[in-house]
Amino acid sequence: MLIALRGLLGYRPDQTGFIVILETHLEIAMTGRICNVQRNKDRCGCTYPGCSRQGYCCDCIHYHWKHKELPGCLFPEDAEKTYDRSLKYFIEVWSKKLGKK
Ligand code: SF4
0 MLIALRGLLG YRPDQTGFIV ILETHLEIAM TGRICNVQRN KDRCGCTYPG
50 CSRQGYCCDC IHYHWKHKEL PGCLFPEDAE KTYDRSLKYF IEVWSKKLGK
100 K
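The sequence shown begins at 0 in numbering that gives the first Met the number 0 and counts up one residue at a time.
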């Protein structure tokens, strides 16, 4: 869809800002939703410093799942601080917390 839109508008690299605004408006019109990036950042439990994905939950999930990991916000607070986002650690930590191990 976005590629088709770019083709239709004769997209040039120097028009990035304009295209992003247009795409955002188009997405809002189509879905009735906008990204809650500031609200996501305010309630994000991840303490990893300087991450560019913080608040962009879809990118965060995509990034970690690509590595068979999960986002920091799904880990208990003390486990989150280890920065081990692996599925193995997630299962281990929650199994202990829930008394399954
Ligand atoms: S969980 Fe990972 S991708 Fe998400 S904000 Fe934290 S460090 Fe960034």
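We treat Cβ as the ideally placed atom computed from N, Cα and C, and that holds for glycine. On a predicted model such as this, the values are computed, not experimentally measured, just so you know.
| Query | Result |
| --- | --- |
| Limits of the alpha helix (DSSP H) - the one that Q37 falls within | 36-42 |
| R84 beta carbon near the ligand SF4 (any heavy atom closer than 7 Å) | yes |
| Close-in-space but distant-in-sequence residues of the same chain around L86 (CB under 7 Å, 5 per side omitted) | K67, E68, L69 |
| Run of the alpha helix (DSSP H) containing F89, from where it starts to where it stops | 86-96 |
| Beta-bridge pairing of E68 - partner residues as DSSP gives them | S85 |
| Distance, L73 Cα to C57 Cα | 14 Å |
| Exercise answer, beta-carbon shell around the ligand SF4 heavy atoms below 6 Å | C45, Y47, C50, R52, Q53, C59, Y62, H63, P70, G71 |
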